[in-house]
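Protein chains in written order, with this note's numbering: chain A, 57 to 406; chain B, 5 to 81. Yeah, the Cβ is synthetic: ideal placement off N, Cα and C, and Gly gets one too. Taking it in order: structure first as structure tokens, then the write-up.
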Amino acid sequence: MRHAATLDARSAGHGLRRWTYVGAAALCWVTLYQLNLGFWNWVVFDVLGLDPESRLGGSVHFFFYDITKITLLLVGVIFIVTVLRSFMSVERTRALLGGRREGVGNVAAAGLGVITPFCSCSAVPVFIGFVAAGVPLGVTLSFLIASPLVNEVAIVLLFGLFGWQTTAMYIAGGMVIAIVAGTVLGRLHLERWVEPFVFQTTLRGKPVDSSAGLSWDDRLTMAREEVASILRKVWPYLLVGIGVGAVIHGWLPADWFAAHATGWWGVPLAVLIGVPLYSNAAGVLPLVEALHDKGLPMGTVLAFMMSVVALSLPEMILLRRVLKPRLIATYFGVVASSILVIGLLFNLML
Amino acid sequence: MDIKILGSGCANCQRLEAATHEAVDQLGLDASFEKVTDVAEIASWGVMHTPALVIDDEVVMSGRVPTTEQLKELLAR
């Protein structure tokens, strides 16, 4: 209907206008990103007259520079990734995982967890949907672990703040955790600790692929809405994260952690503190950046970040709907141990 | 016509409900609305990405909030 010949000329003009807007927005983004450092140098040090070497000057500058930088990175990344992800869907992922055995299935699930559009708020329907469709429990869990742990926001922010080497290590580490933890959980045969109604759920009708039949306008609108909705969701975390990061940046002596927290016990402590904390990559990364600046080893820093984003109390409460306490405890235990091992390995390697 | 809005009460679910009401009114259809918020029931529809729209026991859309125009197209089918 939409492709009627008479509409062709109009839609060509419409397409041109649409891409002009996208191009102009991209140009604005690059300009703002380039001006960020100079602008806040000028405001904080020249206009406000704070001393760059002072604690207050350092903290205030870190706060404003970082909040601008991270907000810009988030807007750009979420937009692009949502457009790309609109070609993918949980339905398609499930279809891809349906016939898989354990092993190959866990690897595929971890990989798909990275690229499938998914929000932790839909963890429960996804869990039921996967298990009811015959995806093995361990494979489903690999997907649920990888999804929040190795996501686009984390990847791009890590890349922006620490460079590609750290990012590559993080992605590899996160995938390994999802694969290993999912395989271990699968081998433990914990099906009896899943709420029985999950297995009794029969799927009626054929599912609709949420990525089907979208136009470019739909995809761009979705991306714009996703940016707005994620920013609305993360800004308190971002403010707290950057605030704490700024205080650490200004007040803690340089290399404080290098002097006090390089022992092996740093990693378990980081995991222990990180698990109950609930934040997402956007909120935890400014903190991670400040901690690393002060000499906290990279493995410890990444273990902290992973345990914050992958495991949390609210998630535990959500999952309680489908999993019995024993399975939740095992799940948290296995994932936390995997993070611990990866963190220790990173510290040894670097 | 029997319309179900599947979703656990998130902002998008409410937007979908409002948009669907508008589309139904504009088309002058006679429809009954039902909100399904129970995860088990949502999942049994095969929906993993809320909000979703069910028309006459068939899932027609999931995972996003379409425009009123797109909803009218779905309703008119």
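Between A/His59 and chain B, is there a C-beta pair that is closer than 8 Å?
-> Only weak support exists for where A/His59 lies, its pLDDT of 46 falling under 50; the value from the coordinates is given anyway. Answer no: the Cβ-Cβ gap between A/His59 and chain B never drops below 8 Å.
Exposure label - A/Leu83; buried when at least 16 CB within 10 Å | Residue environment analysis places A/Leu83 among the exposed positions, since fewer than 16 neighbouring C-beta atoms fall within 10 angstroms of its C-beta.
Buried or exposed for A/Ile304, please, with buried defined as at least 16 other CB atoms from any protein chain shown within 10 angstroms of its CB.
-> buried
Use the C-beta contact count for A/Ile235: other C-beta atoms within 10 angstroms, 16 or more gives buried, fewer gives exposed.
-> buried
Local conformation of A/Arg58 per DSSP, three classes | Because the pLDDT at A/Arg58 is just 45, under 50, the model does not fix this residue reliably, and the point stays unresolved.
Chain-order list of residues whose beta-carbon lies under 6 Å from that of A/Met405 (same chain, five-residue window excluded) = Here A/Met405 has no same chain residue with a Cβ atom under 6 Å from its own Cβ, once five neighbours each way along the sequence are excluded.
Inter-residue CB distance, B/Thr72 and B/Glu38 (contact presumed, cutoff 8 Å) | With a Cβ gap of about 20 Å, B/Thr72 and B/Glu38 do not count as contacting.
Rounded separation between B/Leu78 and B/Val64 - CA only | So the two alpha carbons sit approximately 7 Å from each other.
Excluding the five sequence neighbours on either side, which residues of its own chain have a C-beta within less than 6 Å of the C-beta of A/Val364, listed in chain order?
-> Gly330, Leu333, Ser335 and Val340
Through-space distance from A/Leu270 to A/Phe388, alpha-carbon basis | 38 Å
By the criterion of Cβ-Cβ separation under 9 Å, what are the contact partners of B/Thr72 in chain A?
-> Going along chain A, no residue has its Cβ under 9 Å from B/Thr72, so there is no contact; the nearest lies around 13 Å.
Would A/Arg377 count as contacting chain B if we go by Cβ distances under 8 Å?
-> yes
Could you check the C-alpha separation between A/Gly229 and B/Met5 for me, to the nearest Å?
-> 51 Å
One or two residues paired with B/Glu38 in a DSSP bridge = B/Lys8
Report the three-state DSSP secondary structure of A/Met225 (helix, strand or coil).
-> helix
Express the C-alpha separation of A/Val99 and A/Thr196 in angstroms, rounding to a whole number.
-> 50 Å
With DSSP run on the structure shown, which of helix, strand or coil describes B/Met65?
-> DSSP places B/Met65 in strand when its eight states are reduced to three.
Using a C-beta to C-beta distance shorter than 7 Å, which residues of chain B count as neighbours of A/Met144?
-> Near A/Met144 there are no residues of chain B at all, since even the closest Cβ is about 11 Å away, more than 7 Å.
Cβ of A/Val182 less than 8 Å from any chain B Cβ?
-> Among the CB atoms of chain B, one or more fall inside 8 Å of the CB of A/Val182.
Skipping 5 residues on each side, what residues in its chain have a beta carbon closer than 8 Å to that of A/Met57?
-> Residue placement at A/Met57 is flagged as unreliable, the pLDDT there being 43, under the threshold of 50; the coordinate-derived value follows with that caveat. So no residue of the chain qualifies.
Please decide whether A/Thr62 counts as near chain B, where near means a Cβ-Cβ distance under 8 Å.
-> Residue confidence is low: A/Thr62 scores 49 on pLDDT, short of 50, so the model does not pin down where it sits. Its coordinate-derived value is still stated next. No - not a single Cβ of chain B is within 8 Å of the one on A/Thr62.
Just the chain A side, please: which residues come within less than 7 Å of B/Arg81 by C-beta, in chain order?
-> Ordered by position in chain A, no residue passes the 7 Å Cβ test against B/Arg81, which lies about 11 Å from the chain.
Name, please, each residue of chain C whose Cβ falls closer than 7 Å to the Cβ of B/Thr24.
-> Absence of chain C from the displayed structure is noted, the protein chains being A and B.
Chain B residues whose Cβ lies nearer than 7 Å to that of A/Ser178 = Met52, His53 and Thr54
With a threshold of 16 other CB atoms inside 10 Å of the CB of A/Glu147, please say whether the residue is buried or exposed.
-> buried
Identify each residue in the stretch 33 to 46 of chain B for which the Cβ-Cβ distance to at least one residue of chain A is less than 7 Å, and report them in chain order.
-> Val43, Ala44 and Ile46
Using the C-alpha atoms, what's the distance from A/Glu158 back to A/Ile395?
-> 21 Å
Proximity test, Cβ basis, 8 Å: B/Gly67 and chain A = yes
Is it buried or exposed for A/Trp75, if we count other Cβ within 10 angstroms and need 16 for buried?
-> exposed
How do the stretch 189 to 206 of chain A and the stretch 242 to 249 of chain A stand: do at least 3 beta-carbon pairs fall below 8 Å, yes or no?
-> yes
Throw me the rounded Cβ distance for the A/Ile384 and B/Val43 pair, which I believe falls under 8 Å.
-> At roughly 16 Å, the Cβ-Cβ gap does not stay under 8 Å, so A/Ile384 and B/Val43 are not in contact.
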